[in-house]
Amino acid sequence: MTTSTETLLPDTAVGARRWISRHGWTFGVWLLFFILIFLYSLQIPRFGAFQVTSIVNNGSPWVYLAVGEAIIVIAGGIDLGVGGLLVLTNATAARLMEGQPFEVTIVIALGLLLAAALLNGFVGWIIHVSKVPDIVITLGSLYFYQGLALWVLPTRGGGTSEGFRWLFTGSTSGIGSNPWAAIVGISVIVLIAAWWMANTRTGLSLYAMGSNKNAAFLSGIRAGRIKILSYMVGGAFAALAGLVTTAIANSGNANAVGGNLTLNAVAAIVLGGVALTGGKGSLIAVVPAGLILFFLNPVLSAWGVDPAGAQVIQGVLIVVVMAVGGILEWRRSRR
Amino acid sequence: MSTDLSPAPIPASEDEETTAAKVGRYLATHPHLVLGAVLIVLILITGAVEPNYLSVGGLRNSALFAVPIGIMAAGQTMLMLTGGIDLSIAMIATGAAYVAADQSPNSSVIAILAALAVGFLAGAANGVGVGVFKVNPLIMTLAMSVILLGLFTSWAQTIFFGSTTMSDFIRTLGGGSIFGGRLPWAVVIWAAVAVVVIYILRRTGFGRNLYAIGDNAVATRLSGTRSWQVLIAVYILAGICGAIAGILLGGRVGAVDLQLAQSFLLPSVAAAVIGGTSIFGGVGTYTGTILGALILGVLQSLLTFINAGTAVQQMIYGLIIIGLSWLYSRITALQ
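Chains as they are written, first to last, in our numbering: chain V, 1 to 335; chain F, 336 to 670.
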């Protein structure tokens with residue numbers, strides 16, 4: 001019935017409607033992000049490169065962690081362990097990189113990315129073989145990663161090279177007014193990942209798996225491989241977030257609560273329009289969502305809201321966004 | 336499930352069935368026996384490590400540790416049966432303990448009622464979000480946890496600046512014992528909660544509705560159940576379970592702070608999961624959850640006795656969750 005009315009409309013109207021239904025959420029989240037930035041710039045006396053740098057630098061671990069979680073969730077899983085993996089990578093990197101020259105820190109970083117991918121791929125393998133729900137196994141892996149991190153680095157400490165700090169923060173001291181390192185880093189990495197998800201056979205298999213596991217299997221997708229792959233890529237992103245944290249803080253902290261980091265990432269992907277049931281969502285929309293969740297606190301404190309009040313507002317915002325999203329979905333399904 | 340397309344093995348006739356297969360089938364229909372065996376083995380191992388443990392005092396410590404986990408896990412079990420979860424339950428417990436401490440100078444009865452009211456209100460808000468506005472339970476309760484933390488952080492300095500210690504009566508409930516120090520009051524209260532929860536799940540229409548919603552939400556709604564009312568009711572029950580756990584925990588510790596119950600959140604999920612409750616809903620019993628909570632309690636004693644640091648404790652904890660849930664799914668798959 002809807003097709004007959006749509007054919008009567010001019011092509012541009014159909015195209016516009018389709019664009020809105022496909023990319024509306026992505027557009028909305030980016031719009032919300034820029035509105036928040038704009039409001040923030042009106043509120044504080046000086047708004048310039050320094051503030052932008054602070055937001056994108058400190059927000060980038062949130063973004064990478066959320067993108068990693070998004071890939072796993074799109075493929076039909078959910079990984080509570082990503083926060084723990086961030087903490088583990090942060091602790092290990094800080095311990096190994098302390099006092100090393102730039103070249104060595106890069107090698108260590110690549111090694112850790114690979115190790116995290118393999119470790120989390122192993123978690124994906126356990127989920128595939130045991131057929132225990134993802135959330136249960138990764139609850140276990142969260143504890144395991146967090147414990148391993150504490151074992152690697154019992155007390156806060158360690159360090160990294162100046163070049164490594166520059167690579168992710170745009171300055172050798174970690175403080176500065178050069179946002180481009182973080183912006184370019186996020187753009188390049190996320191665009192490659194988003195392109196891979198949307199245009200390659202393997203990437204599309206992730207969507208297929210999350211959308212309908214049995215249909216994907218019957219159409220020739222190897223379920224186990226795809227599950228393991230999604231956990232490997234997600235793990236690598238979590239490790240990247242951990243490396244960026246090391247670069248920003250110039251130290252490792254195994255006492256950071258990985259579970260809270262995971263829950264932030266889950267909140268970010270939900271705000272970014274990724275369905276927790278799998279098979280739906282765009283990595284491009286997760287980027288501003290991660291930044292918004294990080295950035296809400298400084299915005300609200302610029303408005304004179306105390307941190308506790310900011311927390312309340314953040315929680316209410318997540319619920320309202322989800323409720324509105326649910327109502328929109330319900331209306332669309334009735335049409 | 337999807338990989339298992341090989342032809343089913345030809346069923347052996349009655350007399351050909353080996354003893355091992357019979358035992359396997361019996362265990363598959365009575366998985367709690369396996370959990371009970373795991374619990375006894377763990378107790379014996381702990382006894383081998385520390386002979387003094389096999390006494391009333393030793394077992395009492397494990398039981399006391401298991402009480403808050405077990406009571407919160409009662410809420411988690413009921414919610415998981417409907418396909419939900421409560422990530423705010425630890426924060427509800429903390430908030431309830433805070434209110435109880437604040438009201439303690441007035442009267443213990445008022446303090447306990449006020450604490451239960453906190454659980455009721457927070458649970459009702461969760462229930463409205465999940466049942467009426469269809470917000471994903473993971474996100475709704477996560478946001479509730481953030482909101483409550485924010486509210487109590489700011490109220491701690493404004494409204495609840497009074498007492499932060501519990502009244503003597505609540506202290507007795509949390510840490511005191513009857514029968515000459517043998518049976519803790521907290522265990523008695525846990526037993527009462529257990530009787531009520533098991534009765535609800537096995538003997539009431541409400542309990543059946545919980546299983547029905549988790550098994551097939553659409554069919555349940557179409558068969559005339561007002562699912563949203565059931566959901567609001569069960570989230571309120573979970574909130575009250577959280578409040579009871581908070582009162583007992585606060586009573587045992589004696590004083591309250593905002594981190595009081597936070598470390599019990601993931602163990603409460605783990606206890607239900609180890610006990611065989613499916614996180615997707617429709618399958619599970621509170622008896623299994625009780626065994627899960629006791630296993631975690633004994634494990635805590637064991638880890639204390641072998642003098643494992645936090646790092647090793649967390650790693651073992653993670654491995655136990657993965658191992659037991661894997662074992663459980665293997666056993667029940669034999670059915």
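Glycine included, each C-beta is placed from N, C-alpha and C at the ideal position. All of these numbers come straight from a predicted model, not from anything done at the bench.
The region 508–528 of chain F in contact with the region 390–408 of chain F per 3-pair CB rule at 8 Å: Contact holds: three or more Cβ-Cβ distances are below 8 Å.
What I want to know is whether the C-beta of F/LEU654 ends up closer than 8 Å to one or more non-hydrogen atoms of the ligand GDP. For the structure depicted, the ligand GDP is absent and the ligand set is empty, with no information on it obtainable.
Check whether chain V comes within 9 Å of F/GLY458, counting only Cβ atoms and requiring the distance to be less than that. Chain V contact via Cβ: absent.
Which runs of the beta strand (DSSP E) at least 3 residues long sit entirely within the region 194–262 of chain V? Give them in chain order. DSSP runs (the beta strand (DSSP E)) wholly in the region 194–262 of chain V: none.
Indicate whether at least one CB of chain F lies closer than 9 Å to the CB of V/SER301. With respect to chain F, the C-beta atom of V/SER301 has no partner C-beta closer than 9 Å.
Rounded to whole angstroms, what's the CA-CA distance from V/ILE226 to F/THR499? Just pull it up for me. Going from the Cα of V/ILE226 to the Cα of F/THR499 covers about 52 Å.
Is it buried or exposed, F/ALA383, if we count other Cβ atoms within 10 angstroms and call 16 or more buried? Exposed: under 16 other Cβ atoms inside 10 Å.
Going by the CB atoms, is the gap between F/ALA428 and F/ALA596 shorter than 9 Å? Yes. Within cutoff.
Kindly say whether V/ASP79, judged by its beta-carbon, lies nearer than 9 Å to any beta-carbon of chain F. No, its Cβ sits nowhere closer than 9 Å to a Cβ of chain F.
Less than 9 Å separating the beta-carbons of V/GLY272 and V/ALA75? No. Outside cutoff.
With a threshold of 9 Å between beta-carbons, can F/TRP661 be considered close to chain V, or not? Chain V, which has a Cβ nearer than 9 Å to the Cβ of F/TRP661, makes this yes.
Counting only runs that start and end within the region 118–187 of chain V, where is the alpha helix (DSSP H) found for 4 or more residues in a row? Secondary structure within the region 118–187 of chain V: the alpha helix (DSSP H) runs of 4 or more consecutive residues, fully enclosed, are 134–152, 162–169 (chain order).
Is the Cβ of V/TRP151 closer than 9 Å to any Cβ of chain F? Chain F, which has a Cβ nearer than 9 Å to the Cβ of V/TRP151, makes this yes.
Is any beta-carbon of chain F found at less than 9 Å from that of V/THR5? Bear in mind that the predicted position of V/THR5 carries a pLDDT of just 47, short of 50, making it unreliable; the figure below should be weighed with that in mind. For V/THR5, no Cβ of chain F is located within less than 9 Å of the residue's own Cβ.
Closest to F/PRO602 by CA distance: which of F/ILE625, F/GLY616, F/THR620 is it? Of the listed residues, the one whose Cα sits closest to F/PRO602 is F/ILE625.
Mind checking who F/LEU518 pairs with in its DSSP beta bridge? DSSP lists F/ILE513 as the bridge partner or partners of F/LEU518.
When you compare only the Cα positions, how much space is there between V/LEU42 and V/ASN120? Each residue's alpha carbon lies about 43 Å from the other.
Does the beta carbon of F/ILE655 come closer than 9 Å to any beta carbon on chain V? Closer than 9 Å: yes.
Paired residues, beta bridge with F/THR672 - DSSP: What is shown of chain F runs 336 to 670, which leaves residue 672 of chain F out entirely.
Local conformation of F/SER636 per DSSP, three classes: Helix.
Excluding the 5 residues preceding and the 5 following V/SER47 in the sequence, name in chain order all residues of the same chain whose CB lies nearer than 6 Å to its CB. Sequence inspection shows Phe at residue 47 of chain V; the Ser mentioned does not correspond to that position. Around V/PHE47, the same chain offers SER41 as residues with beta carbons nearer than 6 Å, after the five sequence neighbours per side are excluded.
Counted within 10 angstroms of its Cβ, other Cβ atoms place V/ASN199 as buried (16 or more) or exposed: Classification for V/ASN199: exposed.
Proximity of F/VAL465 and F/GLY393 at Cβ, strictly below 9 Å: Taking the C-beta atoms as reference points, F/GLY393 is found no nearer than 9 Å to F/VAL465.
Let's see if you can read the secondary structure: which residues bound the alpha helix (DSSP H) around F/ALA436? DSSP places F/ALA436 in the uninterrupted alpha helix (DSSP H) bounded by 424–438.
Output needed for V/LEU148: all residues of its chain with C-beta closer than 7 Å, excluding positions within five of it in sequence on either side, in chain order. The residues are LEU88.
Anyone know if the C-beta pair for F/PHE495 and F/PHE487 falls short of 9 Å? Result yes, Cβ atoms of F/PHE495 and F/PHE487 sit closer than 9 Å.
State the Cα-Cα distance for the pair V/LEU39 and V/VAL299, rounded to the nearest angstrom. Distance between the alpha carbons of V/LEU39 and V/VAL299 is about 8 Å.
On a Cα-Cα basis, can you pick out the residue from F/LEU377, F/MET475, F/ILE375, F/SER512 that is closest to V/VAL319? Just measuring C-alpha positions, the residue of F/LEU377, F/MET475, F/ILE375, F/SER512 sitting nearest V/VAL319 is F/MET475.
My assumption, with CB atoms under 8 Å, is that V/ALA182 sits in contact with V/ASN90. Please give the rounded CB distance. Incorrect: roughly 17 Å between the Cβ atoms, too far for contact.
Is there at least one Cβ from chain V nearer than 9 Å to F/VAL591's Cβ? No, no contact with chain V.
Taking Cβ positions, are F/ALA449 and F/GLY581 nearer each other than 9 Å? Cβ distance not < 9 Å, so F/ALA449 and F/GLY581 don't count as in contact.
So for V/VAL320, helix, strand or coil by DSSP? Of the three classes helix, strand and coil, the one that applies to V/VAL320 here is helix, per DSSP.
Of all the options F/ALA573, F/LEU483, F/VAL565, F/GLN594, which has the alpha carbon lying nearest to the alpha carbon of F/ALA547? That would be F/VAL565, whose Cα lies nearest to the Cα of F/ALA547.
Please report the distance separating the alpha-carbon of V/THR2 from that of V/VAL14. With a pLDDT of only 44 at V/THR2, under 50, the local geometry of the prediction cannot be trusted, and the value read off the model is given with reservation. Cα to Cα, the separation comes out at about 11 Å.
Taking 9 Å as the cut-off, decide whether the C-beta atoms of F/PRO403 and F/LEU583 are in contact. The beta carbons of F/PRO403 and F/LEU583 sit closer together than 9 Å.
Residue burial classification, F/TYR388 (beta-carbon count within 10 angstroms, cutoff 16): Buried, since its Cβ has 16 or more Cβ neighbours within 10 Å.
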